[in-house]
Amino acid sequence: MYAVIKTGGKQYKVAPGEKLSIESLDAEVGSTVSFEEVLMVSNGDKLTVGAPLVAGGAVKAEVLAHGRGDKIRIIKHRRRKHYHKEQGHRQNFTEVKITEILGA
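Numbering (this note's numbering), first residue to last: 348 to 451.
This is the structure:
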């Protein structure tokens, strides 16, 4: 059994028991979150595709941790123009564990 959900502007294929790093959510560690934007649900050989969402579909997950990803270095340089700029970025994320898929 698996489902395709949409959160944080991205789509993820999830299965029960799977750990996933997604865009940062406003939820406490240990709490349960529900993803209502389910695009597809598969249960064995039965496949349900939404148009655009599956009616009554939901995916429940438990929040495990919040964190920040690795630093990404952004370097801009123009040769012979005395222009050099460096910048760094660390993206926030939330780690969740998928507990249940509804709507199959």
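All C-beta atoms, glycine included, are put in the ideal place defined by N, C-alpha and C.
Bounds of the beta strand (DSSP E) holding Glu409 are Ala405 to Arg415.
For the pair Val385 and Ala350, the CB atoms are nearer than the 7 Å cut-off. When the alpha-carbon of Asp392 is set against those of Tyr359, Arg427, Arg425 and Met348, the nearest one is in Met348. Taking the CA atoms as reference points, Lys423 sits about 14 Å from His436. By DSSP's assignment, Leu449 forms a beta bridge with Ala405.
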